[in-house]
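Enquirer: As numbered in the working numbering, residues 30 to 247 make up the sequence shown, in order.
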Amino acid sequence: MNGRFKFFLSMGLVAALLALPSFYNPAAARPLKILAMGTSLTQGYGLPPGTEFTTQLQAALKRDGIDADIVNAGVSGDTSSGGLSRLEWSLADHPDAAIIELGSNDMLRGVPPSVTEKNLRAILATLQKDNIPVLLTGMHAQRNLGADYVKEFDGIYPRLAKDYPVIFYPFILDGVALNPKLNQADGMHPNPAGVKVIVARILPDVKKLAAQAAKNKR
30 MNGRFKFFLS
40 MGLVAALLAL
50 PSFYNPAAAR
60 PLKILAMGTS
70 LTQGYGLPPG
80 TEFTTQLQAA
90 LKRDGIDADI
100 VNAGVSGDTS
110 SGGLSRLEWS
120 LADHPDAAII
130 ELGSNDMLRG
140 VPPSVTEKNL
150 RAILATLQKD
160 NIPVLLTGMH
170 AQRNLGADYV
180 KEFDGIYPRL
190 AKDYPVIFYP
200 FILDGVALNP
210 KLNQADGMHP
220 NPAGVKVIVA
230 RILPDVKKLA
240 AQAAKNKR
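#1: If we count Cβ pairs, one from each stretch, closer than 8 Å, do we get three or more for the region 131 to 150 versus the region 78 to 93?
#2: Taking three-plus beta-carbon pairs below 8 Å as touching, is the region 231 to 239 in contact with the region 81 to 90?
#3: Would DSSP call PRO219 helix, strand or coil?
#4: Pull up the distance between the alpha-carbon of LEU113 and that of HIS218, whole angstroms please.
#5: The beta strand (DSSP E) that contains GLU130, what's its start and end?
#6: Check LEU202 in the structure and name its three-state DSSP category.
#7: Determine, using beta carbons only, whether LEU165 and VAL205 come nearer to each other than 8 Å.
#8: Just checking, does the region 141 to 153 make contact with the region 97 to 106 on the three C-beta pairs under 8 Å criterion?
#9: Specify the secondary structure class of THR71 as computed by DSSP and reduced to three states.
#10: Using 8 Å as the cut-off, can you tell me whether the region 208 to 226 makes contact with the region 149 to 156, which would need three or more C-beta pairs spanning the two stretches below that distance?
#11: Could you pull the start and end residues of the alpha helix (DSSP H) that ASP135 belongs to?
#12: Less than 6 Å between C-beta atoms, sequence neighbours within five positions excluded: which residues of the same chain meet that for PRO162?
#13: Compare the beta carbon distance of ILE201 and LEU70 with 8 Å and say whether it is the shorter of the two.
#14: By DSSP, does LEU207 sit in helix, in strand, or in coil?
Shown next as structure tokens:
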């Protein structure tokens, strides 16, 4: 191989490498990373391994041709204050999108709804600043907490959905709450069949979230 041929060959390789980013994006090639930050409902309290929300949701996405890794950042008993305090640490892994499921434990502990809303606003503002698409899941207050508390708490999530560019799923336990066949013995946490119902109902919105995240990766 003479020197001139080697020179033209090397120039061709350089040109090919320079052109590579125009049609190949390593970030777009890897699976979407979706952070699921929440309470025991996300974490999978009382469920056999492999049946928790994040695992079933990831499997449902893959069945529909969406390559995504769902990061289980659910903490049993966590409040909105706890979620806010660990947000920076959770974002260190650079997720492409986030599902936020917080507030139920605030309600169960009687935390003033104004505090819950303030924390959730701080979380959503941080995610918006970082250009991370969000699916916000809502919660309903237990009716025995009094009409005033119920009205104030239930209003949190619709207000947030109006003020931030989120995909809004109004009630994370839709179709499952108060159904003994879909809940564990405590009547509060879904069993594997209940999780399956939650995943099936929320899946269309998660697909929208994944589409937004994929668009941002291009």
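For glycine and all other residues, C-beta sits at the position ideal for the given N, C-alpha and C.
Expert: Taking the structure as given:
#1: no
#2: yes
#3: strand
#4: 23 Å
#5: 126 to 130
#6: coil
#7: no
#8: no
#9: helix
#10: no
#11: 133 to 137
#12: ALA126, LEU238, GLN241 and ALA242
#13: yes
#14: coil
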